[in-house]
Structures are given as structure tokens and as C-alpha cells.
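Protein chains in written order, with my numbering: chain H, 29 to 282; chain L, 2 to 313. The structure appears right after this line, and notes come after that.
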């Protein structure tokens, strides 16, 4: 696995919102079929990093960046088809954003945008994704009702189903569990353990224990800089080799 | 004991409350006042005996000869059809344009250009309707004659173009508000799923903003139905149902027939009537009719919007 080329390679990446710097020349890579956990306090640039990878950062007025981010060896800034790139990356936001469409249409949105229109294909895909997100049994009888009517936890699973609907190779989860209860969180974590066999996962989380449970490697991002990036066993051990990491993980930070 | 200062505070609080309350209910008072006035002037004719007026003829006869010496006739059907024709045609022209402008303004152009464009569109809304009428007479009239090779350029099409231009700014600015009210997280979620901007607009934004957009269109319709001066000058002002030829066959060139609207009739004729005459009262009845039409439009808008809300 260590020999395979990196799925995502970030080099000397810096970014700013206006004059405010976010990242300061960070470099790291994500291997294929790896789960990379990213932990760190608010304002440390976790979400911005994800948005830079699927190039939605550029939608924010005043945001700019330097350095390179490569996905499958291709610089995201120069990809020919940005929509293709975005379809390759599933994105789950911290607060569920159920599009104001029916449950079915929410999941079928991305495939339809990509040009899939056969009803039977769509039906099968919607069912598969909802099953993967552990939501199928709860909503199979009301696929025609609005997605925004679901409970918070269900909506979050709906966004996960939606992120899977375009069969991404990379799944970015941005603090997916802050709006949902621990039981649902555990169910989704089970789902992620299934998914990691096929896809690469970047898991941004405020729950350090979640990173410990799921991530192969964990990155501690603080103030736009990588404090430490190592195997999760090391990061969460009694002796991670970096005082800041130890303090943060053990809750004596600041 | 309440101190003097405290008493003053209570008093000023009360008086401000009363004042605001009066401002609030004044709208209701005005509406009822207007209704009362219009009905008082118009309704007596309906119950009057020894007159040529009858409600049946008012609604179903096309013969509008209120000043005839021998035989006065008050058939408003042609005027009603004229108003509907011009309004509907205006909306057919204006709605696609306004929708396009709205989407462009809120999604596809940014920064200074957008601010400039908004100011220009608002300027468009500030042009007085008499000026629009003038434009209809001097610009669009010859244009229609040239482009379509018809003898007269003052017709339903001309009026509709004028109305469309007048209704568009209001539709655009309300529609833009509606699109702006759609949270940015929807846009980003749609784009993150690999949607192009057009797909985002058509599949997410427009459905999400449909209430506001509908309200924008209906406000435009309201503006078009009530508009007077511009259409008076642009439509040719001939009492005429444009859809049929003399032999009763369908007139495919209906767009190029002169028509007359309800509002223009009131504006043109009210000054020449003697107060209290049948003619005077029938014009007020037309006012009642206009009031009812706008009332029904607003009510429908309300119900439709509420219906959509309930569905959610």
C-alpha cells in the first residue's frame, strides 16, 4: 500500500480569505483506500482544505490559494472538467444541507446532472446509496416527500447517500456528526468502515475519539499548519512525540 | 406615587403606540374607503330603472356607445377582452425576459457590473407611464409597421410591449430578492455534487425560489392590469375584439388590431361626463370591475403561495 501513488497530494499549499491567511504552506498526501483523520480546533483551516480539494473554495469571494493540490496526479487547478473532478469527490457538510427536493431527487440529483436518465438505473442507484447510508429502511415508503422534512440525523445520512450517489473515489466528511446523536453516529461509522474498502476517506472531526476509531492516519491541523501527521496509534498514544498534539488529544490544550 | 418623569414616559409610550396602531390600520381604512366610494358612485346604475344599462349587456355586449344621442349602449365586453389580451400578451413577453434577467443578475454577474445593472433596472421602473406612452407612439409604432408590414402600429402588440417593459423592473427586483433568499449552502451543495451552474439554477434554485418568483410575476400582472396612460397611447384606443373578422372567422393577425382597455376608457372619458349621469356611473362600474380583477389576482397569489407552503 505504501508503494501505490498517492490519491491526493498537497504541496506547499497556502490559502487566504482576503488578507487573512488560512493555510501556511502545508504539504501532505493521502494514500488510496486510506482513511485520513483531520483534527484541530475551529479556525484551523479544516473545512477550507476540503473545499480547496473539490474546488468549491473558489466560489467564496476573496478566497485565493497558492501551491498545488493533485488528485490522481492531476493538479485540480488545471483540470479540464471541474464538474468531473467534483463528481469524483463526495462531500458531506457539517450541517446537513437537504436540497429542497424530494428524498429521491436529492439522491438522484448528481447522477442526473451527470446525464443518467433511465428510470430503472436511477431507482437502483438511489436504493443502493440509501442502503449504504443506512437510511433505506426508514424512508423507502416516502421517497416522494421532501428531504428537508427528515430529522437532522436522517438528513445527514441523506447527504451521505447523496455524496455517494455519483460513486466518488474520495469521500470528504466534514464534522458529519455534530448534528446527530451518538447512536446514529455509530451506525454511520459502521457504514464508513464498509466504504473504506472501496474508496479513500478524509474525515474531518472534532471528536478526537472518532478519528482514533476510524482513521488509519491522523493529521493535527492547528492555525493553518500541520502540527503532526502520523499513524493514529501514534497520535493517540501516551507519547505522540509532540507536546501540542498530546495536549490537544488529551483535552489540556490552550 | 408615580414620579412626574415616569408619568411622562408612560404617556409618551402610549401615544406612540396609538400613533403606530393608527398607521397600521390606515391601510385597511383606505381600502375600505376607496371601495365604498367607487361602489357608491357606480352601483346606483345597476338598480336604476328607465335606463339603457343592464348588467347582462355590460358583460356580454361589445357595443360601447355611451355618448350616442339616440341610443346609448354600455357593453364593456370589448374593453374587458382588450385588457385581458394586452395583459396576457405583455406577460408572455415579459416573464421569460424577466426570469432571464433575474437569473443573470443574481447568479451570473458580479461586482460592479451587477450593481450598475440593478441601478439601471430601477431607473427603468422610475420612468413615468406617459413617457412610455410617448415611446410607444414614436418608437414602437413605426417599428411595428416596418417589421410586420401592417398599416397601423398602435395596437395590442404595441401596448403589450410597453406593458412588458413597465412590468419587468418590478418582476426582476422582486425575483432577484427571491433568488437571493435561497441559502448559499444550496448552491455549494449542488455544485459540490458536480452540477454545472445551469443545472444548479434549473434544478435547485428555481424550485427553491418558486414562491417568490410567482409573487414577482403576479405583481407584474397587477401592474399591467392597472396601467393606464401608456396603454391608452399605445393600443390605438379602438373598441374592438381583436380575435374575429367581420365574417366571424378567426383573425390570425389579432396582435395587430387596435384595442381599448378598461383603464384607458375611464381615463379618456371620465372628464367629459356630467356627474351622476349614466355614463359617469358606468365608468365607476368599470372601476368596480377593475378592483375586483386585481382583488382576485392578489387573492389567487396569496392562496397559491400558501398552498405551496402547506405542501412543504
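Using N, Cα and C, we set each Cβ at its ideal position, and we do this for glycine too. Since the model is a prediction, treat every value here as computed from it, not as a measurement.
Residue 97 of chain L has its alpha-carbon roughly 25 angstroms from the corresponding atom of residue 230 of chain L. Residue-level contact check: residue 127 of chain H touches chain L, since one or more beta carbons of chain L fall below 7 angstroms from its beta carbon. Under the three-state reduction of DSSP, residue 184 of chain H is assigned to helix.
Contact between residue 81 of chain H and residue 97 of chain H is confirmed by a C-beta separation of about 6 angstroms, below the 8 angstroms threshold. Residue 205 of chain L has a beta carbon lying within less than 7 angstroms of a beta carbon in chain H. Proximity of the region 144 to 162 of chain L to the region 45 to 58 of chain H falls short of the contact definition, fewer than three beta-carbon pairs being nearer than 8 angstroms. Excluding sequence positions up to five before and after residue 290 of chain L, its CB lies within less than 8 angstroms of the CB of 77, 81 and 263, all in the same chain and listed in chain order. Put simply, the CB of residue 189 of chain L is near chain H, with a gap under 7 angstroms to one of its CB atoms.
Pairing residue 227 of chain H with residue 199 of chain H gives a Cβ-Cβ distance under 7 angstroms. Apart from sequence neighbours up to five positions away, the residues of its chain that approach residue 206 of chain H with a beta-carbon distance below 8 angstroms are 122, 123 and 234, ordered along the chain. With contacts defined as CB atoms closer than 7 angstroms, residue 157 of chain H and residue 195 of chain L fail to qualify as a contacting pair. Per the coordinates, the alpha-carbon of residue 176 of chain L lies some 47 angstroms from the alpha-carbon of residue 49 of chain L. With a threshold of 7 angstroms between beta carbons, residue 92 of chain H makes no contact with chain L.
Contact between residue 213 of chain H and residue 277 of chain H does not hold, since their C-beta atoms are separated by about 19 angstroms, which reaches or exceeds 8 angstroms. Annotation note: the region 88 to 130 of chain H contains the following uninterrupted alpha helix (DSSP H) runs of length 4 or greater, listed N- to C-terminal: 110 to 116. Around the CB of residue 150 of chain L, fewer than 16 other CB atoms lie within 10 Å, so the residue is classed as exposed. Between the C-alpha atoms of residue 8 of chain L and residue 18 of chain L there is a straight-line separation of about 15 angstroms. Taking 7 angstroms as the CB threshold, residue 194 of chain L lines the interface with chain H. Boundaries around residue 263 of chain H are those of the alpha helix (DSSP H), 260 to 263, since no beta strand (DSSP E) includes it. Rounded to whole angstroms, the separation of the alpha carbons of residue 175 of chain H and residue 174 of chain L is 29 angstroms. Put simply, the CB of residue 141 of chain H is near chain L, with a gap under 7 angstroms to one of its CB atoms. When the Cα atoms are used, residue 293 of chain L and residue 58 of chain L turn out to be separated by approximately 18 angstroms.
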